[in-house]
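Novice: Just passing along the structure, written as structure tokens.
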Amino acid sequence: MIAAARTILRKDLLIEWRTKESVPAMVLFSITVYVLFHFGLDRDSLDGELASGVLWVTLLLAAVIGVSRLFAAEREQGGIDGLLLSPVDRTALFVAKAVALFLFLTAVELVAVPAFGLLLLGPGLGGAFPELLAVLALGNLGVAAVGALVSALAAETRAHELIVPILLLPLLVPVLIACAQATEPLFRQEAGPEDLGRWLGLLTLYDVVFVLLSVAVFDFLLED
Amino acid sequence: MYSKGLAPLAAATAVTITTAFTLVFFYAPNDADQGFIQKIFYVHVPMAIVALGGFVAGGVFAIKHLRSGDSSWDLRSYVAIHLSIILGVGVLATGAIWAKASWGHWWVWDEPVLVSFLVVFLLYCVYYPLRFSIEDPGRQARYSSVFAIAAGAFVPLNFVAVRMAESFTHPRVLSQTGGDLPGDMRLTFLVSLLGMVLLFVTLWKLELTAKHASMQLKKLRNRARVAA
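Residue numbers (this note's numbering), protein chains in the order written: chain A, 1260 to 1483; chain B, 12 to 239.
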């Protein structure tokens, strides 16, 4: 199973490396949304609640693009039939897709988070490390698990580009709550009380529930 | 096959709901704090509890469908979620009216139960576009079931998250939402809740019967056309 997952993952990463489709689009989208927030809020620099809210809403909206493209190659080129005919465990497919999405999100954040620090954040990013890394990693894990499930659910529908955002975003509300609340004290002008532990706990609970749930139900998607 | 016991159930529903309304208007006292408007509580809260229960039941039926592959469980799950969404509209409407009357605003973001309900409601609304954009019946049933299970697991998680977010700025205790009612109010509430549960089950069975009948009719028509 691990070998199969690794092969599918390698294929997805290779396709992304050669076509450069999802990640650059997600980065470009994030920076455009920062510009929109700059004008929409009419603020030159943000801190505290507003900063963490803008950052996380932007990242989750960018994730929608990645999720709706996750099965694009399979759907458009008919590769899904080949994948389904091959004697590969569906769990391997889920793991490969979730890891690919996790890596895409990480790659996007490598550019989008520093860009946020540069363009909009008042207090500077330096004080937010290393706590921010933990929040990003746990947040990405949750988005990756739910995103792989949602993109598989939407893959066989007629209007998948419609279904993905309206299905993914409500499911990510707890991730947004936990990530934005955990990041908010890191972005304050003067250090305030932090409550990192409870939000990381909530994120961990969310990640565990949705990873287990997705593994359990993924077998029933993408059948025949 | 679904209509068994429908008539006595409908009669019991009518009696219980009439009793509940009689109790609400003639037995339960006016709330000392909020006055007459508090009586909307006897509609709003049972409706919310039954709607959430319907969502969870939809998830349980979906598990049974995936386990057995029997499409009748998928139909049960679909009708339960469908009715819960209809009740959900009622919950949000009565919640807004109650909020306007007792807090002066149509919507309050610091009421975690109401906010979580809105998120859950928005998620379940996606059930229709998802279900009806899949044509193959077997696949439609399977994908809808996967959605129902994932959304069912999401409901409690979302309640925890929203409550944590709100209690960060507005500490509140559980009992404030109705944990300790005086005796006459509690009795009225329980009868109203029972009435709402019975109403839900009756409508659920009725809808299942109707769907089943129309499917049978379709099958017979197809057979007649083939024969002719």
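For each residue, glycine too, the CB sits at the ideal point set by N, CA and C.
Looking only at its chain, what residues have a beta carbon closer than 7 Å to the beta carbon of residue 1443(A), apart from the 5 residues adjacent to it on each side?
Specialist: Counted from its first residue, the first sequence places residue 1443(A) at position 184. Counting only Cβ-Cβ distances below 7 Å, and skipping sequence neighbours, we find 1307, 1308 and 1311.
Novice: Beta-carbon within less than 8 Å of residue 58(B)'s beta-carbon, same chain only, minus the 5 sequence neighbours each way: which residues are those?
Specialist: Taking the second sequence and counting its residues from 1, the one referred to as residue 58(B) is at position 47. Result list for residue 58(B): 98, 101, 102, 105 and 207, in chain order.
Novice: Measuring CA to CA, which of 1441(A), 1274(A) and 1360(A) is closest to residue 1387(A)?
Specialist: In the first sequence, residue 1387(A) corresponds to position 128, counting from 1. It is 1441(A) whose Cα lies nearest to the Cα of residue 1387(A).
Novice: Starting from the C-beta of residue 107(B), find all residues in its chain whose C-beta is less than 8 Å away, skip the five residues before and the five after it, and write them out in chain order.
Specialist: Counting from 1 along the second sequence, the entry for residue 107(B) is found at position 96. The residues are 117 and 118.
Novice: Mind checking whether residue 1360(A) and residue 1398(A) have CB atoms under 8 Å apart?
Specialist: In the first sequence, residue 1360(A) corresponds to position 101, counting from 1. In the first sequence, residue 1398(A) corresponds to position 139, counting from 1. Contact: no.
Novice: At the level of alpha carbons, what is the spacing between residue 1468(A) and residue 164(B)?
Specialist: One-based indexing of the first sequence puts residue 1468(A) at position 209. One-based indexing of the second sequence puts residue 164(B) at position 153. Cα-Cα distance, rounded: 8 Å.
Novice: Along the region 1409-1422 of chain A, what residues have a CB closer than 7 Å to any CB found in chain B?
Specialist: Cβ contacts with chain B come from 1412, 1415, 1416, 1417, 1418, 1421 and 1422.
Novice: Under 7 Å Cβ-Cβ, which residues of chain A neighbour residue 169(B)?
Specialist: Here residue 169(B) refers to the residue found at position 158 when the second sequence is read from its first residue. 1432 and 1433, listed in chain order.
Novice: From the beta carbon of residue 1446(A), is the nearest beta carbon of chain B less than 8 Å away?
Specialist: Position 187 of the first sequence holds residue 1446(A). Residue 1446(A) does not count as touching chain B.
Novice: By the DSSP assignment, the alpha helix (DSSP H) with residue 1336(A) in it spans what residues?
Specialist: Position 77 of the first sequence holds residue 1336(A). Residues 1331-1336.
Novice: On the DSSP bridge assignment, give the partners of residue 1380(A) in chain order.
Specialist: Taking the first sequence and counting its residues from 1, one reaches residue 1380(A) at position 121. Looking at the DSSP assignment, residue 1380(A) forms a beta bridge with 1305(A).
Novice: Please work out which residues of its chain come closer than 7 Å, Cβ to Cβ, to residue 1278(A), disregarding the five sequence neighbours upstream and downstream, and give them in chain order.
Specialist: By one-based count along the first sequence, residue 1278(A) stands at place 19. No residues qualify anywhere along the chain.
Novice: Mind checking which residues open and close the alpha helix (DSSP H) that includes residue 227(B)?
Specialist: Position 216 of the second sequence, counting from 1, holds the residue named residue 227(B). From DSSP, the alpha helix (DSSP H) with residue 227(B) extends over 194-238.
Novice: Could you tell me whether the Cβ of residue 92(B) comes closer than 8 Å to any Cβ of chain A?
Specialist: The residue labelled residue 92(B) in the question sits at position 81 within the second sequence. For residue 92(B), the answer is no, since every Cβ of chain A falls outside 8 Å of its Cβ.
Novice: Output needed for residue 1353(A): all residues of its chain with C-beta closer than 7 Å, excluding positions within five of it in sequence on either side, in chain order.
Specialist: Start at 1 with the first residue of the first sequence, and residue 1353(A) comes out as number 94. Taken in chain order, the residues that qualify are 1407, 1473, 1474 and 1477.
Novice: Per DSSP, which one or two residues make a beta bridge with residue 46(B)?
Specialist: Mapped onto the second sequence, residue 46(B) falls at position 35. The partner list for residue 46(B) (beta bridge, DSSP) reads 42(B).
Novice: Pull up the distance between the alpha-carbon of residue 1261(A) and that of residue 1289(A), whole angstroms please.
Specialist: Along the first sequence, read from residue 1 onward, the residue named residue 1261(A) stands at position 2. Along the first sequence, read from residue 1 onward, the residue named residue 1289(A) stands at position 30. Whole-angstrom Cα-Cα distance: 33 Å.
Novice: Could you round the C-beta distance between residue 145(B) and residue 74(B) to whole angstroms and report it? I think they count as a contact, below 8 Å.
Specialist: Taking the first residue of the second sequence as 1, we reach residue 145(B) at position 134. Taking the first residue of the second sequence as 1, we reach residue 74(B) at position 63. About 19 Å; that fails the 8 Å criterion.
Novice: Taking Cβ positions, are residue 1410(A) and residue 1347(A) nearer each other than 8 Å?
Specialist: Indexing the first sequence from 1 puts residue 1410(A) at position 151. Indexing the first sequence from 1 puts residue 1347(A) at position 88. Cβ distance not < 8 Å, so residue 1410(A) and residue 1347(A) don't count as in contact.
Novice: Quick check on residue 1314(A) - is its C-beta less than 8 Å from some C-beta in chain B?
Specialist: Numbered from 1 along the first sequence, position 55 holds the residue referred to as residue 1314(A). Taking Cβ atoms only, chain B never reaches closer than 8 Å to residue 1314(A), which makes this a no.
Novice: Please tell me whether residue 1426(A) and residue 154(B) are closer than 8 Å, where the distance is taken between their beta carbons.
Specialist: Counting from one through the first sequence, the residue named residue 1426(A) turns up at place 167. Counting from one through the second sequence, the residue named residue 154(B) turns up at place 143. For residue 1426(A) and residue 154(B), no; Cβs fall outside 8 Å.
Novice: Taking the Cβ atom as the reference point for each residue, do residue 63(B) and residue 218(B) lie within a distance shorter than 8 Å?
Specialist: Residue mapping note: residue 63(B) aligns to position 52 of the second sequence, counting from 1. Residue mapping note: residue 218(B) aligns to position 207 of the second sequence, counting from 1. No, these two residues do not count as a Cβ contact at 8 Å.
Novice: Terminal residues of the continuous alpha helix (DSSP H) containing residue 1475(A)?
Specialist: Here residue 1475(A) is taken as the residue at index 216 of the first sequence, counted from 1. Run containing residue 1475(A): 1455-1476, per the alpha helix (DSSP H) assignment.
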